[in-house]
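Visitor: Counting the sequence shown from 1 gives a position; our numbering is that position plus 227. Ideal placement from N, C-alpha and C gives every residue a C-beta, glycine not left out. All of these numbers come straight from a predicted model, not from anything done at the bench.
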Amino acid sequence: MFGKLIYLISIVSVLSLVLTTAAEAADPDLVAHWRFDETSGTTAFDASGNGHDGTIMGDPQWVPGKLGGALEFDGSGDYVDCGASPDYEIAVNITIACWIKVDVFDKTWQAIITTSDSSWRVHRSGSSNNIAWGTTGLAPLDLTGTTDVSTGEWFHVAGVYNGTQKLLYINGNLDASSDSTGNITASSVPVYIGENSGATGRFWDGLIDDVRIYKRALTETELLGVMSGGGAEYPLASAPTPPDGEYLEATWVTMSWRAGDFAVSHDLYLSDNFDDVSNGTGDSFRGNQTDTMYIVGFPGFAYPDGLVPGTTYYWRIDEINDTEPNSPWTGDIWSFTIPPKTAYNPDPADGAEFVDPNAVFTWTPGFGAKLHNVYMGTNFDDVNNAAGGAPMGSASYSPGTLESEKVYYWRVDEFDPPFTHKGDVWSFTTPGAVGNPQPANGAVDVQMIATLSWTAADNAASHELYFGSGVDAVGNATTASPEYMGPKALGAESYDPGGLAWDSSYAWRVDEVYPAETIKGLVWSFTTADFILVDDFESYNDIDPPDAASNRIFDKWIDGFGTTDNGALIGNDLPPYAEQSIVHGGAQSMPYLYDNNNKTSEATLTLVYPRDWTAEGVIKLSLWFRGDSANAPERMFIALNGNAAVYHNDPAATQISGWNEWVIDLTEFAGVDLTNVNSVSIGFGTKNSPSPAGGAGTMYFDDARLVQ
């Protein structure tokens with residue numbers, strides 16, 4: 228995909244040290260600031276100095292947050308009552324900002340911070356996974372964003388109204404906007420955090436940190452300072468020109484930026500090598516200067532011969548102030564790209580399958596192109612060697628109705644007088660052709676035991692299979708090449724390569740054999756993983772026995788259902804049996820209910836693969852887990868082969884919220900033959916030693932891997 232790339236700005240926590248509490252208190256527009264750093268007690272103190280301390284209601288938990296501490300709300304009666312005040316009655320020029328981390332979205336319009344529905348509010352948008360910035364008295368009533376915030380990660384949310392526009396920012400990026408005028412309706416009801424103060428029952432389920440109210444419409448740059456935990460000052464360079472990720476049709480450019488709020492001068496790094504800019508090595512350092520602009524691509528400047536088409540350039544500004552102890556402030560890495568002279572961004576994309584036979588082809592013209600020559604056919608060599616096509620003025624082509632069950636090749640040459648720039652040869656298939664490769668084309672993290680499979684063309688008689696480590700070698704291979712794996716009969720659309728190498732790239736091709744001809748297939752590729760997968764919980768389904776395709780999660784992870792001494796229950800009672808909302812990676816995780824009242828809880832997976840936990844030099848087990856502060860505190864353990872147990876170092880691991888990686892050195896599994904691991908168990912409590920004082924809770928697990 229081409230176009231502007233949007234990068235989430237990474238801000239290190241050390242920035243918050245630059246911007247002191249005293250500086251925040253000196254900001255006359257900061258109405259209230261609840262840091263949630265108290266770690267205990269029933270009061271959330273207002274760091275603005277304006278005395279808007281909040282009272283803790285229910286039993287939200289003090290937990291580690293995005294910036295220091297945070298409050299974790301359980302979705303049932305937890306909130307902070309920040310009282311009512313005329314200070315909150317802001318009609319125009321307002322900013323509401325905070326960090327959030329969703330545990331569960333289970334109520335419509337779940338509240339983050341509100342003055343009821345009669346004034347302003349930041350909350351869940353209905354039953355969606357997005358945030359809404361609500362302002363009674365303005366249209367639209369609720370400005371809804373587009374970012375999915377239900378992923379269990381931290382998101383910074385900011386609602387801004389400046390008198391002419393409503394703006395919603397997620398992680399410092401504009402997520403939604405609308406033209407709006409007028410005044411926000413005033414309300415004398417209290418400000419609640421984690422609940423709606425007027426429409427009750429909308430309790431937040433998750434974490435909230437660093438909540439702020441400003442009686443000023445903060446700019447995007449000021450929000451970056453707020454995100455970092457400081458005031459509305461920002462020490463890093465920002466607002467780059469050209470914008471980050473821009474495609475720039477020029478061989479020169481004047482780069483500029485907004486200086487950080489404490490900068491006296493600027494160290495500039497620029498190169499076509501990302502690592503050099505990142506590390507400040509090579510010739511990427513271009514000098515220190517006081518100006519906030521820098522010219523490149525002219526004689527006497529960097530790249531005196533001009534910027535090179537088809538090249539991406541990376542740059543970074545470090546802000547310098549020798550009187551400040553935190554100087555220099557290392558900037559983010561930005562980029563811009565000079566487009567190639569050749570055509571790019573084809574539609575259909577290179578390697579596309581089952582393209583509509585009546586499709587209209589398009590592409591992005593090469594830099595400076597005036598005319599285009601299009602070549603198309605079913606033979607790669609013919610298309611690659613074609614010449615003398617009729618030039619066209621538009622970047623689109625209608626080839627007419629294409630044949631089904633074919634592999635097509637096409638090429639676009641760009642004419643920029645007096646030069647013609649030959650394009651790459653792209654390929655695609657039409658419906659009925661060979662396709663559906665597994666692993667999918669471009670797949671990553673493929674396991675070393677993967678078997679290749681595909682769907683035969685509709686009328687093919689047999690197949691010829693090619694497999695190797697190089698895309699070009701496989702693409703050029705013939706039946707006399709070492710990449711040729713031999714013929715495959717119709718109905719035998721699979722191939723076991725016999726064990727793949729760790730963290731390696733592979734390519735393969737299937738040619739379809741017909742009575743009259745053999746049609747060369749597309750080249751597919753994939754990359755193997757740098758880990759051995761124990762279980763990512765993606766293979767489990769909701770198909771019930773006796774269907775042979777049934778693969779329910781609780782039929783493989785054997786729990787304590789039907790027993791009196793094992794309190795583990797795996798999966799949901801009704802489909803989907805695996806968890807599909809609270810996940811760490813992929814689309815599914817394992818829900819695990821434990822009940823240790825006179826029991827221990829243990830669920831066990833019998834291993835078919837991997838059994839050898841020394842293969843490929845692996846030395847550690849990595850497992851992601853997610854607890855909840857509302858869970859009963861219990862020990863958590865992993866056991867191999869039914870006996871050797873290793874316990875998490877936190878005796879109340881069940882209460883650790885959010886996704887957390889547990890990494891165990893395999894040598895800790897004392898007495899286990901790591902070359903023959905036949906089972907893995909996850910349990911709670913002390914193995915084989917139930918306690919009458921045990922409690923219950925719900926955990927989630929994902930992405931169990933062996934790593935080096």
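Going by DSSP, name the residue or residues bridged to isoleucine 785.
Guide: DSSP output for isoleucine 785 lists Thr831 as bridge partner(s).
Visitor: What residue range is occupied by the uninterrupted beta strand (DSSP E) comprising glutamate 861?
Guide: Segment: none, glutamate 861 is in no beta strand (DSSP E) and carries neither H nor E.
Visitor: Kindly indicate which three-state DSSP category alanine 963 falls into: helix, strand or coil?
Guide: Beyond the ends of the chain as shown, which are 228 and 935, falls residue 963; an answer cannot be given.
Visitor: For the putative contact between asparagine 423 and aspartate 344, defined by C-beta atoms under 8 angstroms, what is the C-beta separation to the nearest angstrom?
Guide: With a contact defined as Cβ atoms closer than 8 angstroms, asparagine 423 and aspartate 344 qualify at about 7 angstroms.
Visitor: By how many angstroms is the C-alpha of glycine 702 removed from the C-alpha of isoleucine 397?
Guide: 44 angstroms
Visitor: Quick check on this structure: which residue in Glu447, Leu368, Glu380, Val376 has the alpha carbon closest to the alpha carbon of asparagine 410?
Guide: Closest option to asparagine 410, judged by alpha-carbon separation, among Glu447, Leu368, Glu380, Val376: Leu368.
Visitor: If we require 4 or more residues per run, which alpha helix (DSSP H) segments fall completely within the stretch 767-826?
Guide: 780-783
Visitor: Considering only residues of the same chain and omitting the five flanking positions on each side of aspartate 574, which have a CB-CB separation below 6 angstroms?
Guide: Closer than 6 angstroms at the Cβ level, and outside the excluded window around aspartate 574, lie Thr589.
Visitor: How would you call tyrosine 836, buried or exposed, if buried means at least 16 neighbouring beta carbons within 10 angstroms?
Guide: Looking at its Cβ environment, which holds fewer than 16 other Cβ atoms inside 10 Å, tyrosine 836 is exposed.
Visitor: Are at least three pairs of beta-carbons, each pair with one atom in the stretch 836-856 and one in the stretch 790-801, less than 8 angstroms apart?
Guide: no
Visitor: When we look at the beta-carbon of threonine 755 and count the other beta-carbons within 10 Å, is it buried (16 or more) or exposed?
Guide: buried
Visitor: Provide the residue span of the beta strand (DSSP E) that contains valine 601, from first to last.
Guide: Where valine 601 is concerned, the enclosing beta strand (DSSP E) stretches over 598-604.
Visitor: Using the C-alpha atoms, what's the distance from aspartate 502 back to serine 511?
Guide: 10 angstroms
Visitor: Secondary structure at glutamate 895, three-state DSSP: helix, strand or coil?
Guide: Here glutamate 895 sits in helix by DSSP.
Visitor: Taking all protein chains shown into account, do 16 or more other C-beta atoms lie within 10 angstroms of the C-beta of asparagine 876, making it buried, or fewer, making it exposed?
Guide: exposed
Visitor: Tell me whether the beta-carbon of threonine 678 lies closer than 8 angstroms to the beta-carbon of tyrosine 635.
Guide: Going by C-beta atoms, threonine 678 is not nearer than 8 angstroms to tyrosine 635.
Visitor: If you draw a straight line from the alpha carbon of alanine 927 to that of isoleucine 883, how long is it in whole angstroms?
Guide: This sequence places tyrosine at residue 927; alanine is not what is there. Going from the Cα of tyrosine 927 to the Cα of isoleucine 883 covers about 11 angstroms.
Visitor: Among residues of its own chain, excluding the 5 on either side of phenylalanine 525, which ones have a beta-carbon nearer than 6 angstroms to its beta-carbon?
Guide: Trp479
Visitor: Could you tell me whether the Cβ atoms of threonine 539 and aspartate 499 are closer together than 8 angstroms?
Guide: yes
Visitor: Where does asparagine 915 sit, in a helix, a strand or coil, going by DSSP?
Guide: coil
Visitor: Taking 8 angstroms as the cut-off, decide whether the C-beta atoms of threonine 270 and aspartate 280 are in contact.
Guide: Yes.
Visitor: Would you kindly report the start and end of the unbroken beta strand (DSSP E) that includes valine 761?
Guide: 759-762
Visitor: Quick one: is aspartate 273 buried, meaning 16 or more other Cβ sit within 10 Å of its Cβ, or exposed?
Guide: buried
Visitor: Comparing the CB of alanine 872 with every heavy atom of the ligand SAH, is any distance shorter than 7 angstroms?
Guide: Absence of the ligand SAH is noted for the structure shown, with no ligands found whatsoever.
Visitor: Hey, would you say phenylalanine 442 sits closer than 8 angstroms to valine 698, going by beta carbons?
Guide: Note that residue 442 is lysine in the sequence shown, not phenylalanine. No, Cβ-Cβ distance for lysine 442 and valine 698 is not below 8 angstroms.
Visitor: For proline 936, which option in Ala579, Met603, Ala529, Arg543 has the closest C-alpha, if you only look at C-alpha atoms?
Guide: Outside the shown range of the chain (228 to 935) lies residue 936, about which nothing can therefore be said.
Visitor: Please name the residue, chosen from Trp381, Pro287, Leu298, Ser405, that lies closest to valine 329 on a Cα-to-Cα basis.
Guide: For the options Trp381, Pro287, Leu298, Ser405, the alpha carbon positioned closest to that of valine 329 is the one of Trp381.
Visitor: So, with DSSP's three-state summary, where would you put methionine 675?
Guide: coil
Visitor: Can you tell me the Cα-Cα spacing of glycine 854 and glycine 912, whole angstroms?
Guide: When only Cα atoms are considered, glycine 854 and glycine 912 end up about 15 angstroms apart.
Visitor: So is aspartate 685 buried or exposed if we call it buried at 16+ other beta carbons inside 10 Å?
Guide: exposed
Visitor: Please return the same chain residues whose Cβ sits closer than 7 angstroms to the Cβ of serine 505, not counting the five positions on each side in sequence.
Guide: Ile560
Visitor: Out of Glu829, Asn799, Thr827, which has the shortest C-alpha to C-alpha gap to serine 818?
Guide: One point to set straight first is that residue 818 is proline, not serine, in the sequence displayed. When only C-alpha atoms are compared, the closest one is Asn799.
Visitor: Which ranges would you report for the alpha helix (DSSP H) in the stretch 384-468 if only whole runs of at least 4 residues count?
Guide: 447-454
Visitor: Would DSSP call proline 291 helix, strand or coil?
Guide: The answer is strand: DSSP assigns proline 291 an E or B state.
Visitor: Please state the DSSP three-state secondary structure of aspartate 574.
Guide: strand
Visitor: Could you tell me which whole alpha helix (DSSP H) segments of length 4 or greater appear in the stretch 459-540?
Guide: 501-506
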